[in-house]
Structures are given as structure tokens and as C-alpha cells.
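Protein sequence lines correspond, in order, to chains E and C. Position in the first sequence counted from 1, then plus 59, gives you my numbering. Position in the second sequence counted from 1, then plus 59, gives you my numbering. Note that beta-carbon positions come from the ideal geometry of N, C-alpha and C, so glycine has one too. Read the structure below first, then the notes.
Protein chains: 2
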Amino acid sequence: MEVRDCLISAPGKAILHGEHAVVHGKVALAVSLNLRTYLKLKARSDGKVCINLPNIDTFVCWELSELKQLTSSKLQRLDAELVKRLRKFIGVTNENLDSSASAILAFLYIYLSLFGSGDMPSLTVSVWSELPTGAGLGSSAAYSVCLAAAFLCATGNIPTPLKEWEQTGRWCQEDLELINSWAFQGEKIIHGNPSGVDNALLLENHPLIIRVPLLRILLTNTKVPRSTKVLVARVKDKINKFPSVMIPVLDSVDAISCTCEKVLTEMTCEPITGDHYNILEELIDINQHHLNVIGVGHPSLDMLCQVTAARGLHSKLTGAGGGGCGITLLRPGAGTMKDLRDCGYDCWETSIGGPGVQQHFPSSVKEEIMEVLNRY
Amino acid sequence: MEVRDCLISAPGKAILHGEHAVVHGKVALAVSLNLRTYLKLKARSDGKVCINLPNIDTFVCWELSELKQLTSSKLQRLDAELVKRLRKFIGVTNENLDSSASAILAFLYIYLSLFGSGDMPSLTVSVWSELPTGAGLGSSAAYSVCLAAAFLCATGNIPTPLKEWEQTGRWCQEDLELINSWAFQGEKIIHGNPSGVDNALLLENHPLIIRVPLLRILLTNTKVPRSTKVLVARVKDKINKFPSVMIPVLDSVDAISCTCEKVLTEMTCEPITGDHYNILEELIDINQHHLNVIGVGHPSLDMLCQVTAARGLHSKLTGAGGGGCGITLLRPGAGTMKDLRDCGYDCWETSIGGPGVQQHFPSSVKEEIMEVLNRY
């Protein structure tokens with residue numbers, strides 16, 4: 060079997076409002092983040108299957124004959140037996156996988172599940188991501204979505220959406236749901252038992268995704284390491300310590316998510332005004348205070364807020380907090396933020412509300428990304 | 060009639076938690092502030108009645124014969140006719156009184172109400188206050204309480220509580236209530252229509268006052284001027300704009316006041332531990348965030364919080380916010396705060412939970428205060 064080459068990308072995700080509150084049954088507002096993961100699938104004719112993940116220094120090739128011994132029938136639910144065989148195959152024994160091992164495992168699992176019952180193609184998959192890994196920005200979900208879309212396309216389970224006269228192509232709702240279900244298998248392997256939110260977000264028009272106007276943001280990684288588990292536990296402790304003080308704060312966060320969703324929906328229907336931005340900024344400030352109240356702030360995030368406030372911009376943490384990443388809303392015309400790089404932070408000027416998973420003509424992808432992907 | 064000399068002091072007040080929320084029906088926690096107003100009453104024999112208020116550069120003397128023309132019968136409710144006559148007498152025509160005119164008006168009103176129906180004494184009242192005026196620290200209430208206590212003592216309506224073997228003397232509950240009712244008349248003249256909270260607070264054992272352990276605090280005046288009226292309106296606007304976001308925040312503030320009250324009461328009954336301080340500090344931090352959320356923060360107050368946080372201390376605004384004063388809890392052994400004076404702020408290291416109105420032997424009053432009072 061020979062597959063057709065293809066080029067696919069999927070966005071990251073950012074939580075606008077409701078991180079932590081979502082753990083306690085409140086609404087969270089997550090949006091697609093236009094830092095993307097790009098996957099190039101290229102047919103080979105030498106009977107090898109290769110994966111190149113330069114972000115995490117992972118480059119592996121197998122003989123098709125090796126992989127054929129691991130084949131399984133197609134399964135929609137995670138085939139625990141196959142995962143076990145794959146772990147043994149790649150020589151992983153402990154429970155906690157590093158990012159390289161879990162990425163390989165997800166790749167092999169989806170590859171074998173989709174091709175294993177028939178003619179297995181010789182191919183190379185190369186992936187390059189603009190997303191920092193492990194920063195709560197959905198990099199592993201974007202990877203799984205790209206893998207699922209590429210292999211489903213290669214097997215003919217979903218069509219190639221690219222029209223000759225267009226730079227990019229997107230799938231219909233039904234196809235997106237199929238991509239999502241397979242991507243979710245990859246996520247389960249990488250994360251254990253994810254909520255499924257990350258994938259769903261990457262597939263536009265899913266009920267969990269609200270229509271969001273394309274808004275410029277600054278994403279800042281303070282590079283302060285933190286443990287999501289520890290932070291979630293800290294919030295829980297604080298709620299137990301001061302329930303009457305904290306539960307109303309979660310209610311307020313819930314109302315912030317709902318109010319923000321309403322404003323964003325309005326912004327997709329009517330001309331965007333300064334008032335829309337004023338409200339979005341006020342909600343960002345309020346929620347950042349609430350996140351400090353529930354105990355997930357950090358001096359590095361205070362610094363982010365101060366530096367951007369000095370330019371009239373409004374920031375909040377996004378994700379787990381306690382360091383990690385912050386998001387700053389950029390009004391049209393807002394300048395760049397050299398000051399933040401002076402703090403030692405990584406910054407990306409990007410946008411939210413961009414397209415979900417899509418197929419590309421190579422010419423529609425930034426040159427420097429194609430340059431990385433074409434190396435392999 | 061000749062009166063006996065006396066020396067009286069009353070404390071200021073500070074709001075620990077619940078400023079602004081109290082406007083919306085929530086609990087506020089106000090405590091006595093050990094920055095005090097001192098009043099010295101001295102008999103004269105020259106038929107003059109004099110008042111000296113060096114804090115506000117006010118020094119006035121009248122002939123008893125002038126005042127006798129203004130006499131009224133004793134009244135517990137504010138005698139609008141007398142106030143009208145007094146305004147005319149001191150030559151005030153517009154509605155908004157300056158602090159000098161309102162202090163004189165309150166003095167004359169209480170003097171004439173209490174002495175007017177009988178033999179009017181010739182005397183000098185001199186007042187010196189450690190409290191900044193107009194900073195929301197109850198300076199006018201402390202003044203009214205001192206006036207009422209001094210004149211009620213002079214008329215024999217309440218006893219002289221000073222025992223020979225004690226430095227200070229305090230009145231019983233019944234006498235305190237009489238002082239309070241007269242002080243309230245003075246407050247009404249000064250403020251128009253006060254809530255009565257300020258006075259009640261100055262009189263210990265009143266239902267509105269909780270038992271508070273003596274706690275060291277730092278009181279900081281940012282000297283940023285603000286209008287309470289404008290700030291109250293701003294909060295109301297924000298609640299109307301985002302009701303579902305803001306109403307839970309007020310509920311949380313209410314719970315902070317109740318939780319703090321509970322902890323303070325515990326601290327009066329059991330040995331004070333570091334855990335008590337930890338909780339008080341956490342509540343201060345949370346409420347300061349909430350006050351920012353409801354829109355009454357100010358960069359000068361952020362600076363206060365930052366400078367004190369750098370020393371491991373926790374601060375919040377007290378009163379109207381938008382500048383004005385902040386309060387910092389000082390743990391035992393906490394040092395002085397030169398850094399704040401470097402910001403251009405006024406700082407007082409004082410305490411909360413100190414005694415209410417009391418009578419003094421001169422030797423129990425700080426020398427520098429006696430020196431000011433004895434000048435007149």
C-alpha cells in the first residue's frame with residue numbers, strides 16, 4: 060500500500076477563564092491558540108516506518124516486518140493489550156512515560172490500529188510544533204489530532220479536504236468527530252485519562268467550543284516550573300479552609316466565563332468596538348485577582364501583569380498558574396513587548412480563535428516550518 | 060458655675076474588613092484604633108468660653124454673655140432651630156462646612172444643649188488629635204465623643220471615673236451610652252446624617268464592637284486624595300455592570316468579616332499562635348484582591364502591599380480606598396518600615412483593640428501631647 064503525502068496542522072489551546080474552577084464543577088472557557096503543530100506525512104518505498112519529532116529530539120525508524128508482528132484489529136476503545144505489547148516493543152517498563160516514549164507510543168498505537176488489519180504502508184511522519192511542551196497549551200492534543208487526521212486521510216477513512224484552488228482545507232463535522240475519537244486514543248496513552256476537552260477544542264464546531272473572533276494575544280511563558288497536581292491540591296485545601304469565602308469566588312469565576320463567552324459571541328456578530336475590549340480587559344483583571352485569591356498566583360505572573368499594565372495591557376495566568384504561562388490581550392495596534400523578554404520570559408505574539416485542524420498546501424505554511432519538516 | 064478640669068481621650072477607628080460591602084448590606088468589621096484624640100477642659104474665671112483646635116488652626120473665644128442669647132432647653136434630638144441660630148452666630152451660610160466651622164458648631168451645640176438651661180461655665184477646651192483628619196479614621200467621631208464626655212462630666216450627668224490610685228478611668232455601660240447619644244448629635248452636625256457606627260465604636264462594649272485582642276498594626280496614609288462618594292458610586296456601577304460576577308465577591312467579603320471576627324474572638328480566649336496570624340494575613344490578602352476587583356484599589360495601595368510583602372507583612376486598604384489609608388498587620392517582633400516613608404507615605408505604628416473613651420491623669424498622657432494641650 061502506498062499513501063499520498065500530506066501536510067496537516069492543528070492549533071494549541073488556551074484557557075481564557077475558568078482554570079481551576081472547572082475542577083469544582085464550574086464553566087471553563089477554552090479557545091484555540093494559533094501556535095500550531097505541523098505534521099508532514101511522506102510515503103517511502105523502502106519498507107520502513109519512521110517518526111521524526113525534532114522538538115523533543117526523537118528520531119526512530121522501524122522495519123515494517125517488525126511492526127507487523129504487533130498488529131491488532133481496529134478498535135475504537137483503547138486496546139489495552141496492544142498498548143502493553145507496544146510498551147514492551149519500545150522497551151518502556153515504568154509507569155511514567157517521558158515525552159519521547161509517550162509520543163512514540165501514541166504514534167504506533169494509532170498507526171497499527173488504523174493500518175494493522177490490512178496493508179501497512181511504509182512512511183515517514185515528521186512533526187514540528189510552535190507550542191512549548193508541558194505548558195498546558197495542548198501540545199500533546201495537537202500532536203494526537205495531527206496523527207489521527209493524517210492516518211485517517213491515508214486510509215481513506217476521511218477525504219482529503221484540500222481543493223486545488225485553496226491554500227488550506229478543512230474537514231466536515233462528521234470527519235472532525237472521527238479525527239477526535241482517534242486523537243482521544245492518543246491522548247489517553249500520553250496522559251493516562253484526559254478529560255477529552257483538549258482534543259475537542261482542536262476540532263472546530265464542537266459543542267465545547269464557542270465561536271470566538273480572531274483576537275491578537277501575547278502568550279508569555281514565565282518558565283517558572285510548577286506542578287498542576289500540587290496547585291489543584293492547594294486550591295482544594297484553601298476551599299476546605301475557608302469554604303464561605305472561597306465558594307463565592309468560584310461562583311464569580313463561573314460568571315466571568317459566562318459573561319466573557321457572551322461578549323465574545325457578540326463580537327462575532329457585530330462590529331468590534333473599544334467597549335468590547337474594555338469588558339474583556341476588566342474580566343481578565345478580575346479573574347487574575349480571583350486566581351490569586353484561590354492561591355495559584357506567582358510573583359512571576361504579578362510581574363507579567365505589571366509590565367503589561369504599564370503599557371495599558373491586561374494579563375492573567377492561563378492554565379495551572381503558580382508560574383507557567385500568562386495571556387495578554389492585545390488591542391489592535393498594541394506594540395511588541397521587549398520588556399517581558401528582559402524578564403527572561405518567552406513571548407509569542409499570536410492569536411486566539413483561529414482555525415482548527417486543517418490540511419495545507421506546502422506554500423501556505425511558513426517557510427521556516429517547512430524547512431524543519433523537509434529536513435527529514 | 061465652676062467646672063472641674065478634666066482630661067479625656069477617645070480612639071480612632073479602622074475598618075478591618077467590609078468597607079464598601081457594608082453599603083450593600085454586608086457585615087463590616089470595625090475596630091478601635093489606638094491613635095487618639097485628647098481633650099483638656101480647663102475652668103476659667105474671666106467669663107469667656109474658648110476652644111483651641113491646633114490640628115486645624117482653629118482658636119476661638121466668646122463672651123458668656125454672647126452665648127447666653129443662644130440658649131436652648133436640653134434636647135436629645137437634634138434641635139434644628141439651635142443649629143440654625145448657631146450657623147448664623149458663627150457666620151456660616153453655605154451648606155458644606157469646612158472642618159473648622161463644623162468643629163465649632165458641634166462644640167457650641169453640645170455646650171449650649173447641656174449648659175444652656177442653667178448656669179453656663181466659663182471654660183477652655185483644647186483638643187489635640189493623633190489622627191489625620193478626613194482619612195476615614197473616625198477623627199470627627201473621636202472629637203465628638205471627647206466633647207460629650209467632658210461636658211457630661213462637667214454637668215455631673217455622668218461621674219468622674221478616675222480613681223486616685225489609677226492612671227486612667229473608664230465609664231460604665233450606661234454612662235457610655237449617654238456619651239454616645241450626645242456625641243451622635245455632634246456627628247450629625249459635622250457629617251449631616253452619619254450611620255452612628257463611628258461613635259458606637261468608640262464606646263467599648265457596644266453591640267457593634269467585637270472583642271478584639273490588642274494587635275500591633277502599621278497605619279499608612281498614602282496621602283492620595285480621594286472622594287468616598289465617587290468610590291461608592293464606582294462600586295455601585297461595577298455591580299450593575301457585572302452583577303453575577305460582583306455579587307459573589309460581596310458575599311465573599313461578608314464571609315471574610317465573619318471569619319475574621321471568629322478568629323479575633325478566639326484570640327481573646329486562647330493563647331495567640333502563629334496560626335492565628337496566618338489566618339488573619341490570608342484574609343487581609345484575599346480582601347485586598349476583592350477590593351481591587353470591586354474597583355477601589357490604587358497604585359499607591361499596590362505599592363504599600365508590595366513594600367510590606369517584601370518584609371513578609373500583609374496589607375490592605377482601610378476605608379474608602381482609591382488611595383487614602385492602608386493597614387498592615389505587624390506580627391510580634393516585626394520591625395519598622397522606613398521603606399514606606401521613602402514612598403512619601405505617612406506611617407504610624409500603633410495598635411487596634413485598645414481602650415475606648417477614657418479619662419486620664421495628666422501623667423498618663425504622652426509628654427508631647429500634654430505639651431501641646433498645655434499651650435492654651
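Hey, could you find the ends of the beta strand (DSSP E) residue i is sitting in?
{"i": "I276 (chain E)", "result": "L274 to N280"}
{"i": "I411 (chain E)", "result": "D405 to I411"}
{"i": "L156 (chain C)", "result": "Run containing L156 (chain C): none; DSSP gives neither H nor E here."}
{"i": "W121 (chain E)", "result": "T117 to E122"}
{"i": "I353 (chain C)", "result": "Premise fails: I353 (chain C) is in no beta strand (DSSP E) and is neither H nor E."}
For a test of the three-state rule: what should DSSP assign to residue i, helix, strand or coil?
{"i": "R370 (chain C)", "result": "coil"}
{"i": "P218 (chain C)", "result": "coil"}
{"i": "I331 (chain E)", "result": "coil"}
{"i": "R390 (chain E)", "result": "coil"}
{"i": "K295 (chain E)", "result": "helix"}
{"i": "L129 (chain C)", "result": "coil"}
{"i": "R285 (chain E)", "result": "coil"}
{"i": "V424 (chain C)", "result": "coil"}
{"i": "K85 (chain E)", "result": "coil"}
{"i": "E61 (chain C)", "result": "coil"}
{"i": "R229 (chain E)", "result": "coil"}
{"i": "R400 (chain E)", "result": "helix"}
{"i": "T324 (chain E)", "result": "helix"}
{"i": "V90 (chain C)", "result": "strand"}
{"i": "S303 (chain C)", "result": "helix"}
{"i": "E340 (chain C)", "result": "helix"}
{"i": "P414 (chain E)", "result": "coil"}
{"i": "P113 (chain C)", "result": "helix"}
{"i": "A194 (chain C)", "result": "coil"}
{"i": "V108 (chain C)", "result": "strand"}
To which residues of the same chain is residue i closer than 6 Å at the C-beta, ignoring the five residues directly before and after it?
{"i": "I67 (chain C)", "result": "L98, C205, A208, A209 and Q418"}
{"i": "E426 (chain E)", "result": "none"}
{"i": "I110 (chain C)", "result": "V119, F166 and V184"}
Let me confirm a value: residue i is counted as buried when at least 16 other C-beta atoms fall within 10 Å, else exposed. Which label applies?
{"i": "E154 (chain C)", "result": "exposed"}
{"i": "P70 (chain E)", "result": "buried"}
{"i": "E329 (chain C)", "result": "exposed"}
{"i": "E430 (chain E)", "result": "exposed"}
{"i": "I315 (chain E)", "result": "buried"}
{"i": "E189 (chain C)", "result": "buried"}
{"i": "R95 (chain E)", "result": "buried"}
{"i": "E122 (chain C)", "result": "exposed"}
{"i": "T152 (chain C)", "result": "exposed"}
Taking 8 Å as the limit between beta carbons, can you name the residues of its chain near residue i, skipping five residues before and five after?
{"i": "D313 (chain E)", "result": "G77, A80, K85 and V86"}
{"i": "I438 (chain C)", "result": "As shown, chain C starts at 60 and ends at 435. That puts residue 438 (chain C) outside it, with no answer to give."}
{"i": "I238 (chain C)", "result": "V204, A207, A208, L211, I217, W230, L262 and V416"}
{"i": "S423 (chain C)", "result": "Q226 and T227"}
{"i": "V366 (chain E)", "result": "M396, D398, L399 and C402"}
Identify the continuous alpha helix (DSSP H) that holds residue i and give its terminal residues.
{"i": "S185 (chain E)", "result": "Element bounds for S185 (chain E): not the alpha helix (DSSP H) but the beta strand (DSSP E), L182 to S188."}
{"i": "R146 (chain C)", "result": "A139 to I149"}
{"i": "L237 (chain E)", "result": "Q232 to H250"}
{"i": "L206 (chain E)", "result": "S198 to A213"}
Here's a check: name, in chain order, each residue in its chain whose Cβ is nearer than 7 Å to the Cβ of residue i, leaving out the five neighbours to either side.
{"i": "M326 (chain E)", "result": "P272 and H335"}
{"i": "K297 (chain C)", "result": "M305, I353 and G354"}
{"i": "V322 (chain C)", "result": "H335, I338 and L339"}
{"i": "R400 (chain E)", "result": "C406"}
{"i": "R61 (chain C)", "result": "The sequence as given places Glu at residue 61 (chain C); Arg does not occur at that position. Counting only Cβ-Cβ distances below 7 Å, and skipping sequence neighbours, we find A102 and P180."}
{"i": "W241 (chain C)", "result": "I169, A207 and L211"}
Which value, in whole angstroms, describes the spacing of the CA atoms of residue i and residue j?
{"i": "E263 (chain C)", "j": "G197 (chain C)", "result": "Annotation note: pLDDT 45 at E263 (chain C) (below 50); position unreliable, coordinate value reported separately. Near 15 Å, if we compare the C-alpha coordinates of G197 (chain C) and E263 (chain C)."}
{"i": "A139 (chain E)", "j": "Q244 (chain E)", "result": "11 Å"}
{"i": "P180 (chain C)", "j": "G106 (chain C)", "result": "8 Å"}
{"i": "D398 (chain E)", "j": "S159 (chain E)", "result": "34 Å"}
{"i": "L342 (chain C)", "j": "Q226 (chain E)", "result": "56 Å"}
{"i": "A165 (chain C)", "j": "K300 (chain C)", "result": "41 Å"}
{"i": "I276 (chain E)", "j": "A368 (chain C)", "result": "31 Å"}
{"i": "L171 (chain E)", "j": "L112 (chain E)", "result": "19 Å"}
{"i": "D116 (chain C)", "j": "P284 (chain C)", "result": "21 Å"}
{"i": "L129 (chain E)", "j": "L145 (chain E)", "result": "7 Å"}
{"i": "V294 (chain C)", "j": "A73 (chain C)", "result": "20 Å"}
{"i": "C402 (chain C)", "j": "H349 (chain E)", "result": "28 Å"}
At a cut-off of 7 Å, would you count residue i as near the ligand NAD, judging by its Cβ distance to the nearest heavy atom?
{"i": "L290 (chain E)", "result": "With respect to the ligand NAD, the structure shown offers nothing to examine, as it has no ligands at all."}
Taking Cβ-Cβ distances shorter than 7 Å, what residues in chain A pair up with residue i?
{"i": "V304 (chain C)", "result": "Reference to chain A is not applicable here, since the protein chains of this structure are E and C."}
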